[in-house]
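Data block below; observations after.
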Amino acid sequence: MKVLITQEEIKKRVEELAEEIRRKYKGKELVVLILLKGAFVFAADLLRRLEGVEIRCDFIKASSYGTSTESSGNVQLNLLPSLDITGKEVLLVDDILDTGLTLKKVKDWVLEQGAKNCETCVLLDKPERRKVPFKADYTGFEIPNHFVVGYGMDCAERYRHLPYVAILE
Ligand code: XMP
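Dropping the structure here:
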């Protein structure tokens, strides 16, 4: 395993992202939907820096069947938030933007529910891998096309607890 992004680099970047989001939504209501499972560590660090934003928080889970490192492209939503998002401003938080299929599917679903607006925030982006055009509103780091683990991301449920992002070789 090779460290790609250190704990210190993540901390600094998460602070910057949170500041950008805080500036935009300060004093406003914001529904934050965290994509399970991979985004739970990132979201926990990010949300604790969003003081002053009126946050309601819920979870959503999408899965696409395939191998452990390659998505099949058939994205299904299999855990939906219980919060009513009609007319709300929504921020989707995910660990990594890869082909774009997951966030596109989830964002389309959020807007279909009648949300007022839906922004997206990802820790990592692998632009080379995109299959559908998708740009996150807030991106932590662009990375090359490697399978990464740590800071919430896994391989067969391992490595999620690592405080850094590493390339699984
Ligand atoms: P798509 O391709 O739909 O994928 O943009 C997004 C989801 O795929 C998972 N993913 C990864 N998980 N290391 C991981 O642990 C990776 O390098 C990786 N690339 C994609 C992840 O769940 C993400 O939300």
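Start counting the sequence shown at 1299; every next residue gets the next number (this note's numbering).
Every residue, glycine too, gets a C-beta built ideally from N, C-alpha and C.
Exercise. Inspect the CB distances between the segment 1320-1327 and the segment 1342-1354 and report whether three or more fall short of 8 Å.
Key: yes
Exercise. Determine, using beta carbons only, whether D1393 and L1401 come nearer to each other than 7 Å.
Key: For the purposes of this step, residue 1393 is taken as the residue at position 95 of the sequence shown. For the purposes of this step, residue 1401 is taken as the residue at position 103 of the sequence shown. Taking 7 Å as the Cβ cut-off, D1393 and L1401 do not qualify as a contacting pair.
Quiz item: Using a Cβ-Cβ cut-off of 6 Å (strictly less than) and excluding sequence neighbours within five positions of L1396, which residues of its own chain qualify?
Solution: Mapped onto the sequence shown, residue 1396 falls at position 98. The residue asked about is misnamed: residue 1396 is Asp in this sequence, not Leu. Excluding positions up to five away in sequence, the list reads K1424, R1427.
Quiz item: Less than 6 Å between the CB of F1439 and some heavy atom of the ligand XMP, yes or no?
Solution: Position 141 of the sequence shown, counted from the start, is the residue given in the question as residue 1439. F1439 Cβ: outside cutoff for every heavy atom of the ligand XMP.
Quiz item: Under the criterion of a Cβ to heavy atom distance below 6 Å, does T1418 qualify as lining the ligand XMP?
Solution: The residue labelled residue 1418 in the question sits at position 120 within the sequence shown. No, Cβ of T1418 sits at least 6 Å from all heavy atoms of the ligand XMP.
Self-check item: Candidates E1318, R1311, F1340, D1356: closest to L1331 by CA position
Solution: For the purposes of this step, residue 1331 is taken as the residue at position 33 of the sequence shown. Of the candidates E1318, R1311, F1340, D1356, the one whose C-alpha sits nearest the C-alpha of L1331 is D1356.
Quiz item: Could you give the distance in angstroms between the alpha-carbon of I1383 and the alpha-carbon of E1314?
Solution: Indexing the sequence shown from 1 puts residue 1383 at position 85. Indexing the sequence shown from 1 puts residue 1314 at position 16. Whole-angstrom Cα-Cα distance: 27 Å.
Quiz item: Taking just the CA atoms, how far does K1429 sit from L1334?
Solution: One-based indexing of the sequence shown puts residue 1334 at position 36. One-based indexing of the sequence shown puts residue 1429 at position 131. Answer to the nearest angstrom: the Cα atoms are 21 Å apart.
Quiz item: Are the beta-carbon atoms of E1417 and D1435 separated by less than 7 Å?
Solution: For the purposes of this step, residue 1417 is identified with residue 119 of the sequence shown, where counting begins at 1. For the purposes of this step, residue 1435 is identified with residue 137 of the sequence shown, where counting begins at 1. Their beta carbons are under 7 Å apart, which means E1417 touches D1435 by this criterion.
Quiz item: Under a three-way DSSP split, which group does T1400 fall into?
Solution: Along the sequence shown, read from residue 1 onward, the residue named residue 1400 stands at position 102. Here T1400 sits in helix by DSSP.
Quiz item: What are the residues that DSSP puts in a beta bridge with S1380?
Solution: As a first step, residue 1380 is located in the sequence shown; it is residue number 82 there, counting from the start. In DSSP, S1380 forms no bridge with anything.
Quiz item: Between Q1305 and Y1462, is the Cβ-Cβ spacing less than 7 Å?
Solution: For this step, residue 1305 is matched to residue 7 along the sequence shown. For this step, residue 1462 is matched to residue 164 along the sequence shown. In contact: Q1305 and Y1462 (Cβ atoms closer than 7 Å).
Quiz item: Nearest-angstrom Cα distance between L1377 and E1440?
Solution: Looking up residue 1377 in the sequence shown gives position 79. Looking up residue 1440 in the sequence shown gives position 142. For L1377 and E1440, the distance between alpha carbons rounds to 28 Å.
Self-check item: Candidates L1466, A1454, G1450, V1329, of which the one nearest F1338 by Cα
Solution: For the purposes of this step, residue 1338 is identified with residue 40 of the sequence shown, where counting begins at 1. Closest by alpha carbon: G1450.
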